[in-house]
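As structure tokens, the structure follows; a few thoughts come after it.
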Amino acid sequence: MGIVGNDPTIYSFDNNKSMVKISLATIEKFKGPNGNWIKDTQWHTLVLWGKHALFAYDHLHKGLEIAIEGRLKNRRYQDRHGIIRNVTEVVVSKFLSLSKPNNTTE
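Position 86, counted from 1, in the sequence shown is what this note's numbering calls 73; the numbers after and before it change by one each time, with no gaps.
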């Protein structure tokens, strides 16, 4: 579970496939050695494909709290400067919005 950190970015490919990338922040709070609360935020890159990608692009936005299910994917690539980069992404198979719609009142 976490907070969506940016609006989805969609990529379309020649074979009629769509992919969406989203950043997700997970926050852990704990007491440090001096008794003060420490907030540790970790950022994760989510990748969604096909119908999940299109649905996410239409319905997810920055600040929304979501729960996800997926698998970790490690990959390596060479950037434009020739440097080898290693990344870990979460390939999402399911997601659920935990935030209430903006138009609801309590």
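Yeah, the Cβ is synthetic: ideal placement off N, Cα and C, and Gly gets one too.
Distance, residue j Cα to residue i Cα
i	j	result
W24	H48	29 Å
I70	N(-7)	26 Å
I(-10)	Q29	11 Å
D27	S80	26 Å
Under the three-state DSSP convention, the category residue i falls into
i	result
G19	coil
H31	strand
G(-11)	strand
Residue from the options with nearest C-alpha to residue i
i	options	result
T75	H68, L83, F82 and G57	G57
T(-4)	N3, N2 and V34	V34
I9	H39, G19, N73 and H68	H39
Short Cβ contact (8 Å threshold) for residue i with residue j
i	j	result
A43	F0	no
V78	I55	no
S84	I53	yes
For residue i, the first and last residue of its enclosing beta strand (DSSP E)
i	result
K81	I71 to S84
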